[in-house]
Amino acid sequence: MDDAQVSDVLAPVPEQEQNRREDKVRRDFWPKFQRFAARLPFAEHLAAAYYCAMDPKVPLRVRGTLLAALAYFIMPFDFLPDFLAIVGLTDDIAVLTTAFGLISSHLTDEHREQAREALAKLEENVAD
């Protein structure tokens with residue numbers, strides 16, 4: 192995935208589209224995250240990004256960037272199908288890495304703690 196494609200995914204969108212993305216991310220993020228979390232070396236960062244995107248104190252522009260990246264992560268159809276194991280996630284990783292770089296100053300200790308707690312709960316559910 193080249194930089195132009197990543198920029199297209201992360202480009203600002205009208206409020207209605209951003210609201211649609213937020214609804215989709217709220218609904219579909221955790222089920223997909225659970226399927227791939229064990230294979231993602233940046234799972235904690237991804238979960239922290241989710242909490243940052245849902246935080247109303249975070250600037251709208253930052254939330255929009257994260258929602259675009261997270262929506263791309265959960266989309267069933269993207270440039271490389273995710274069922275191709277880690278290779279299929281490389282385009283998702285490119286989009287997410289770019290988004291993380293753009294918003295890193297807005298990712299707080301609170302978001303990171305929420306992510307750690309969510310991952311711990313997932314691990315408990317897998318162990319049960």
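Numbers given in this note's numbering equal positions in the sequence shown, counted from 1, plus 191. Ideal Cβ placement from N, Cα and C applies to all residues, glycine included. Here the structure is a predicted model, which is why all the values come from computation and not from measurement.
The Cβ atoms of residue 286 and residue 197 sit closer than 8 Å to each other. Within the same chain, Cβ atoms closer than 8 Å to the Cβ of residue 243 are found at 249, 253, 254, 257, 294, 297, 298, 299 and 302, the five residues on either side in sequence being excluded. In its chain, beyond the 5 residues on either side, 242 have a beta carbon closer than 6 Å to the beta carbon of residue 305.
Across the structure, residue 291 and residue 240 are spaced so that their CA atoms are roughly 8 Å apart. Residue 262 is not a Cβ neighbour of residue 226, given a cutoff of 8 Å.
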